[in-house]
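Residue numbers (this note's numbering), protein chains in the order written: chain A, 12 to 212; chain B, 680 to 798. For each residue, glycine too, the CB sits at the ideal point set by N, CA and C. Okay, so here's the structure we're looking at.
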Amino acid sequence: MDSRSSDQDVRTPLPSTARDGLKIVIVGGFGVGKTTMVGSVSEIRPLSTEETMTQAGVGIDDGASHGKTTTTVAFDFGRISLNEHMVLYLFGAPGQERFWFLWDRLFAGTLGAVVLVDTDRLADSWYSIDRLEHHGTPFIVARNNFGEPKHSLDQVRQALDLAADVPLIDCDARRRDSAKDVLLTLVDHLFALSSARETAS
Amino acid sequence: MSREDLHREDPDRLYTVTGGRSRANESALDLVTLIVSEGDPVPGMQSEHVKILRLCRHPTAMVEVASELGLPVSVVKILLCDLLDTGRVTARHPSSAPVDTDLPDLETLKQVLVGLKKL
Chain A
12 MDSRSSDQDV RTPLPSTARD GLKIVIVGGF GVGKTTMVGS VSEIRPLSTE
62 ETMTQAGVGI DDGASHGKTT TTVAFDFGRI SLNEHMVLYL FGAPGQERFW
112 FLWDRLFAGT LGAVVLVDTD RLADSWYSID RLEHHGTPFI VARNNFGEPK
162 HSLDQVRQAL DLAADVPLID CDARRRDSAK DVLLTLVDHL FALSSARETA
212 S
Chain B
680 MSREDLHRED PDRLYTVTGG RSRANESALD LVTLIVSEGD PVPGMQSEHV
730 KILRLCRHPT AMVEVASELG LPVSVVKILL CDLLDTGRVT ARHPSSAPVD
780 TDLPDLETLK QVLVGLKKL
């Protein structure tokens, strides 16, 4: 593997014609396989960065740090060049509560989201699903499944209280073809939603 | 700089990097806005600006710039605004992203499907 420092890293540069960035967010609890999934389909080694948000306390105007709370959220990302102009960025984002304070700032304009779930820890996903619905972000749910599943997808759907029209599929985040299928399922879903709306209007 | 370094980063240094400013127009920069250098670094330039100009010889998303510099996204936004104001970089803003909570348009989705199927 390449051991050079990041400054010397063999980055795959985008073509000079690249001009239109797009986003898809993969949301899931800690250790569910978000980074693995990003890495399976990304043309670059997954990178990470973080964002901080400082909320000033009420009535504090002297610039001092007391009375402020700082939220820091780290997230991973990778990218896929779709054509000479369009670049799709995949973000792996933690679903924990503090993360959602930053959703609008970071992920406004997202095409849609994948909620990656682990059936042993389904409860971790409830909050993410609730928040995505609240933000009006279309999503699908993918169960990261290695080995024999303990529950049927119908049982998972019931446990998540998932609406019938939200796609729910199995995947293996380690496999490129499987991760690709997850993304295609999301975009097909978006296409269906967008078509239905155009027909209705 | 690794993430561990960033966690140990002295807030005062982050303050120095940005000159202590926050900017109104930074909200125009999205994570996936592509930044392109319009020239080479010049002597005396702040080291972060030098790094950005080198990195963005090819179009580079703001989030990639943040990751490569090991700085929070909000700090990088301010640095990029400096460079945008002085014309040293240009920004290619996302043009197909849905606005607000709208759904993406069908033409965009078709192109995304075609691109993904080629993977």
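Query: Touching by the beta-carbon criterion (3+ pairs, under 8 Å), the region 764-779 of chain B and the region 54-64 of chain A; Result: no
Query: Proximity of A:K34 and B:V793 at Cβ, strictly below 7 Å; Result: no
Query: Residue of A:F150, A:A119, A:T210 and A:L127 minimising C-alpha distance to A:A174; Result: A:F150
Query: Minimum Cβ-Cβ distance from A:K45 to chain B less than 7 Å; Result: no
Query: Any chain A beta carbon closer than 7 Å to B:P720; Result: no
Query: A:R90: first and last residue of the uninterrupted beta strand (DSSP E) it sits in; Result: T80 to S92
Query: Closer than 7 Å to chain B by CB, A:P105; Result: no
Query: Uninterrupted beta strand (DSSP E) stretches inside the region 697-773 of chain B (no shorter than 3 residues); Result: 713-716 and 768-771
Query: Distance, A:R154 Cα to A:P160 Cα; Result: 10 Å
Query: Where A:D172 falls: helix, strand or coil (DSSP); Result: coil
Query: Nearest to B:S726 (by Cα), restricted to the options B:S746, B:T765, B:D779 and B:L758; Result: B:L758
Query: Where B:A674 falls, given that 16 or more other Cβ within 10 Å makes a residue buried; Result: Summary: the structure shown does not reach residue 674 of chain B, with chain B confined to residues 680 through 798, and so no result is reported for it.
Query: Limits of the beta strand (DSSP E) - the one that A:I140 falls within; Result: A:I140 -> not in any beta strand (DSSP E); alpha helix (DSSP H) instead, spanning A134 to H146.
Query: Minimum length 4: unbroken alpha helix (DSSP H) runs contained in the region 149-212 of chain A; Result: 164-171 and 187-211
Query: C-beta neighbour in chain A for B:L782, strict 7 Å; Result: yes
Query: Bounding residues of the alpha helix (DSSP H) (the contiguous stretch that carries A:F110); Result: Note, A:F110: premise wrong, no alpha helix (DSSP H); not H, not E.
Query: Chain B within 7 Å of A:G120, Cβ atoms only; Result: yes
Query: Residues of the region 707-733 of chain B with Cβ closer than 7 Å to any Cβ of chain A, in chain order; Result: D709, L710, V711, T712 and L713
Query: Three-pair Cβ contact test at 8 Å for the region 43-51 of chain A versus the region 717-734 of chain B; Result: no
Query: Per DSSP, cross-strand counterpart(s) of A:D48; Result: Residue identity check: residue 48 of chain A is Met in the sequence provided, not Asp. DSSP output for A:M48 lists no bridge partner at all.
Query: Minimum Cβ-Cβ distance from B:A740 to chain A less than 7 Å; Result: yes
Query: Residue of A:G120, A:V152 and A:L164 minimising C-alpha distance to A:L194; Result: A:V152
Query: CB-CB length for A:R109 against A:V84, believed under 8 Å; Result: 6 Å
Query: Neighbouring residues, chain A, relative to B:L795 (Cβ below 9 Å); Result: V52, I91, L93, L99, K191, L194, L195 and V198
Query: A:L122 to B:D784 span [Cα, whole Å]; Result: 10 Å
Query: is_contact[A:A174, chain B] using C-beta, thresh 7 Å; Result: no
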